[in-house]
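Visitor:
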Amino acid sequence: MSKQEAQEIERLRQKIRRHDTFYYIQNQPEISDREYDRLMQELKDLEVRHPEWVTPDSPTQRVGGKVADRFDTVAHKIPMLSLDNTYNVGELKEFRERVVKGLADVSPDEIEYFVELKFDGLAVTLTYEDGIFVKGATRGDGKKGEDITANLKTIHSIPLNICTEKEKIKLMEVRGEVFMPRKSFQKLNEIRAATGETLFANPRNAAAGSLRLLDPSITASRKLDIFVYGVGFMDPMPFSTQYEVQSELEKMGFHTNSNRYLCGNFEEVLPWIETWEKKKDKLEYDVDGLVIKVNSLDYQKKLGATSKFPRWSVAFKYEPEKEETRVENIICQVGRTGAITPVAILTPVTISGSTVSRATLHNEDEIASKDIRIGDRVVVEKAGEIIPRVVEVIKSVRERRGLRFRMPSKCPECKEPISRSKDEAVLRCTNSVCLAQLRERLLHFASRDAMDIDHLGPAVIDQLVSKGGVKHFSDLYKLKLQDFVRLERLAEKSAQNLIGALEKSKSVGFARVLYAFGIRHVGQRAGMILARHFHSMNKLQKAEKEELEFVMEIGEAIAESVSTFFGQKSNQDEIARLAELGVEMEFKGEAIGDRLAGKQFVLTGSLKSFTRDEAKEKIAALGGRVMSTVSKKTDYVVVGADPGSKADKAKKLDIPLVTEDEFKKIVEK
Ligand code: IVH
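Here it is in structure tokens:
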């Protein structure tokens, strides 16, 4: 091959690696996805012409590994130990005592500690030879793990080739935790629910399951990430502290977590425990505690390890808040798509500052495996923003118990038979005119991000459905003032407001209408993309599945459900009725999606009215982007309560700080 082509290959690889770092590690892309794909394609083309030049660290080698029939076993050069757990400050102080004793010739005040987050994922080890990623493995039993190199390569935040300013490192083994961000976990489960696959119980299980797939191309689709926190082995070993280990790993291009603290002495460790107890729930990934490490690597060596744990480190674990209460009833809810979910109705208790009176029981299997019955005393747990769940039944008070719970065979609402189709684990009411489903669909249709019909809440919808004869979205627009006045507990003034809100909703725009229909997989963003691409309902309705798939960001699942939706005669009729009644279904550019185009946001501190994910979704739906770190390119920094250092950085860089109220005004109309 010509020298020029060789240089071109190397130039492209370097460029792609740089953009991988911007995108996956710094969360600050500098080029569009399209440009990135173009670079990748150019590289692939060149490598196809010169297969002899393909190297294992080429960015093209992340995906495409072969399907394996099993994983090989790998012996760890240095055992992968686990950590001793502590649950209170008393136990943590005992750890300090042991450290002080073990370092008898060092003054206790001179012992520095390093505090890190304890990520709730899966420990892995990554081996680099001459700077190139050659092997990755699970922890296994600590001595031997499984070779999951091909799967780990699909994680873009794992560098395939490290840059080091220090002298060339011949052999290096770094350790970290692979995890699935909460949002990706939610999305994955939503898709699995829609396709009838069993759900993962939590992000850790989802990460573990994804890493142990024999087909790396499926792992690649799972959006895993890693935080690297330490070194197992390094030759030569150029670092002297844990602080240095992390900063240098970061410089080499590894994804490290920025929430880490060097403490001059043990007393400085304690405040971090309190700080992170609340703060951890606001993160985008699960953290179940802190890890406290003796900072000096020399001292670590002196302290050594027991057969299971290092003596220089300990975990401080936060236990999710739990309370005892009683199951008063078990009801079955019917969702918008007919899916039937059992829910425990509980004697209200306060957990983590909020009143809990319901807990989802997920499905029949969950109830059966925990054997939850009406009347049982149970332990309920609530961790952060996660929906409360029943942990276990308190067995000691099981004298006379209620009957074993059985899922109904008929829809609790319309009494039509429930079905469990072959490829779906979920029970569904398949009656397309089931009132419970209708109520949920109408609630979604009227919600703030959809048609935004003010005052049309559950109480009004219930009555409209049960006695108002509302069967379709379009029926709402046929209602007259008298129809509303007739409803219970609705004053004439409110009825007038409702009429006004309905009228106003007709012009919310095409994108919102699409979202309001509640088509499976079509969220706000997909609604916007479809509206912008097709411009009118007419054109969208005519689009074939293949044409839909061609649209950027519209995947096969969305294309499939959109084309099924528009293929149904009942939906076509409903669209015609809505159009007749004056609901606008043309894209006018003013629809959601444009207002924040190109704007970069950074969020810091906690917001009262939104979760992080909600705030992000709102920004994304308006075309903006959310970044994790403040830079010169940031347009706004949204500051909630108890903001972090991002606010200070923004001030330094003169980037406007936006309060929660101002943010609300920006995103809500
Ligand atoms: S250091 C020998 N640091 O916790 C000490 N571990 O319970 C090795 N973990 O197997 C662990 N975050 O999977 C360390 N910042 C962190 C961690 C961390 C999560 C996990 C790791 C380990 C387990 C021990």
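Following our numbering, the numbering of the sequence shown begins with 57 at its first residue and continues without gaps.
We put the beta carbon where it would ideally sit given N, CA and C, even for glycine.
In this text, all values refer to a predicted model and were calculated from it rather than measured experimentally.
#1: Measuring CB to CB, does ALA262 end up less than 7 Å from MET293?
#2: Just checking: is the beta-carbon of SER240 within a distance shorter than 7 Å of some beta-carbon in chain C?
#3: For TYR374, count the other beta carbons within 10 Å of its own beta carbon; 16 or more makes it buried, fewer makes it exposed. Which is it?
#4: Looking at C-beta atoms only, is the number of pairs between the stretch 365-380 and the stretch 202-219 that lie closer than 8 Å three or more?
#5: If you check the beta carbons only, do VAL390 and ILE396 fall under 7 Å apart?
#6: Looking at C-alpha atoms only, which residue of ALA557, ALA706, LEU554 and PHE643 is the closest neighbour of LYS595?
#7: Quick check on the burial criterion: 16 or more other C-beta atoms within 10 angstroms. Buried or exposed for ALA706?
#8: For VAL521 and LYS426, what's the separation of their Cα atoms in angstroms?
#9: Rounding to the nearest angstrom, what Cα-Cα distance links ASP539 and GLY524 in this structure?
#10: Please list, in chain order, all residues of the same chain as GLU673 whose beta carbon is under 7 Å from its beta carbon, the five residues on each side excluded.
#11: Which first and last residues belong to the beta strand (DSSP E) in which GLY201 is found?
#12: If you draw a straight line from the alpha carbon of ALA565 to that of ALA582, how long is it in whole angstroms?
#13: Give every residue whose Cβ lies closer than 5 Å to any heavy atom of the ligand IVH, listed in chain order.
#14: Helix, strand or coil for ILE450 per DSSP?
#15: Would ASN419 be called buried (16 or more neighbouring beta carbons within 10 Å of its own) or exposed?
#16: Would you mind sorting PHE10 into buried or exposed? The rule is 16 or more other CB atoms within 10 Å of its CB.
#17: Within the same chain, show all residues whose beta-carbon is closer than 8 Å to that of LYS358, passing over the 5 residues directly before and after it, in chain order.
#18: For LYS466, does the count of other Cβ atoms within 10 angstroms reach 16, so buried, or fall short, so exposed?
#19: Span of the alpha helix (DSSP H) holding PRO259?
#20: Inspect the CB distances between the stretch 558-572 and the stretch 500-509 and report whether three or more fall short of 8 Å.
#21: Evaluate ALA502 with the Cβ neighbour count: other Cβ atoms within 10 Å of its Cβ, from every protein chain shown; 16 or more gives buried, anything less gives exposed.
#22: With DSSP run on the structure shown, which of helix, strand or coil describes LEU148?
#23: Please state whether DSSP places PRO107 in a helix, a strand or coil.
#24: Suppose the cutoff is 8 Å on Cβ atoms and the five residues either side in sequence are ignored; what does the same chain contact list for PRO115 look like?
#25: Only counting the same chain, and skipping five residues up and downstream in sequence, which positions put a Cβ closer than 7 Å to that of VAL325?
#26: Whole angstroms are fine: how far does the CA of SER58 sit from the CA of ILE65?
#27: Quick check on this structure: which residue in ASP337, GLY192, HIS528 and SER303 has the alpha carbon closest to the alpha carbon of ARG268?
#28: Taking 6 Å as the limit between beta carbons, can you name the residues of its chain near VAL723, skipping five residues before and five after?
#29: Can you give me the start and stop residues for the alpha helix (DSSP H) that MET507 sits inside?
#30: From ASP342 to ASP421, what distance separates their C-alpha atoms?
#31: MET683 by DSSP, collapsed to three states: which one?
#32: Which whole-angstrom value is the C-beta distance of VAL383 and ILE428, which I expect to be below 8 Å?
#33: Count the other C-beta atoms from every protein chain shown that fall within 10 angstroms of the C-beta of GLY394, then say buried if there are 16 or more, exposed otherwise.
#34: I'd like to know whether the C-beta atoms of VAL284 and THR254 end up nearer to each other than 7 Å.
#35: Would you mind giving the Cβ-Cβ distance between ILE225 and MET290, rounded to the nearest angstrom? I have them listed as a contact below 8 Å.
#36: Can you tell me which of the three DSSP states ASP178 falls into?
Guide: Let me lay it out:
#1: Against a cut-off of 7 Å, the Cβ pair of MET293 and ALA262 comes out as no contact.
#2: Protein chain content of the structure displayed is limited to a single chain, and chain C is not contained in it.
#3: TYR374 is classed as buried because its beta carbon has at least 16 other beta carbons within 10 Å across all chains shown.
#4: No: the two stretches stay apart, fewer than three of their Cβ pairs being nearer than 8 Å.
#5: The answer is yes: Cβ separation under 7 Å.
#6: Answer by Cα proximity: PHE643.
#7: In summary, ALA706 is buried, with 16 or more beta-carbon neighbours lying within 10 Å of its beta-carbon over all protein chains present.
#8: When rounded, the separation of the alpha-carbon atoms in VAL521 and LYS426 is 36 Å.
#9: Looking at the two C-alpha atoms, the distance is approximately 7 Å.
#10: If you ignore the 5 residues before and after GLU673, its C-beta comes within less than 7 Å of the C-beta of GLN580, all in its own chain and listed in chain order.
#11: Per DSSP, the unbroken beta strand (DSSP E) holding GLY201 starts and ends at 200-202.
#12: The question names Ala, but residue 565 is Gly in the sequence shown. Near 14 Å, if we compare the C-alpha coordinates of ALA582 and GLY565.
#13: Here the list is LEU137, SER138, LEU139, GLU172, LYS174, PHE175, ALA179, GLU233, TYR285, VAL347 and PRO366.
#14: Shown here, ILE450 sits in coil according to DSSP, grouped into three states, outside any helix or strand.
#15: With a threshold of 16 other beta carbon atoms within 10 Å, ASN419 meets it and is buried.
#16: No answer is possible for residue 10: the residues shown for the chain start at 57 and end at 725.
#17: A distance below 8 Å between beta-carbons, with the five flanking residues on each side excluded, links LYS358 to the following residues of its chain, in chain order: GLY158 and LEU159.
#18: LYS466 comes out exposed.
#19: It spans 259-267 - the alpha helix (DSSP H) in which PRO259 sits, taken as one unbroken run.
#20: The stretch 558-572, when compared against the stretch 500-509, does touch it at the 8 Å Cβ threshold.
#21: Flag for ALA502 reads buried.
#22: The answer is helix: DSSP assigns LEU148 an H, G or I state.
#23: PRO107: helix per DSSP, three-state reduction.
#24: So the qualifying residues of the chain are ARG69, ILE72, ARG73, ASP76, MET96, LEU99 and LEU216.
#25: Spatial neighbours of VAL325 in its own chain (CB-CB distance under 7 Å, excluding positions within 5 residues in sequence) are listed in chain order as TYR169, VAL171, CYS319 and ILE348.
#26: Between the alpha carbons of ILE65 and SER58 lies a distance of about 11 Å.
#27: Closest option to ARG268, Cα to Cα, is GLY192.
#28: Residues LYS674 of the same chain have their beta carbon placed closer than 6 Å to that of VAL723, with the five preceding and five following residues left out of the count.
#29: MET507 -> no alpha helix (DSSP H), and no H or E assigned at all.
#30: Straight-line measurement puts the Cα of ASP421 at about 25 Å from the Cα of ASP342.
#31: When DSSP states are grouped into helix, strand and coil, MET683 belongs to the strand group.
#32: Rounded, the Cβ-Cβ distance is 6 Å, consistent with contact.
#33: The residue is buried, with at least 16 neighbouring Cβ atoms inside 10 Å.
#34: Their beta carbons are not under 7 Å apart, which means VAL284 does not touch THR254 by this criterion.
#35: Between MET290 and ILE225 the Cβ distance is about 6 Å, and since that is below 8 Å, they are a contact.
#36: Correcting the residue identity first, residue 178 is Leu in this sequence and not Asp. Residue state for LEU178 is assigned as strand, using DSSP reduced to three classes.
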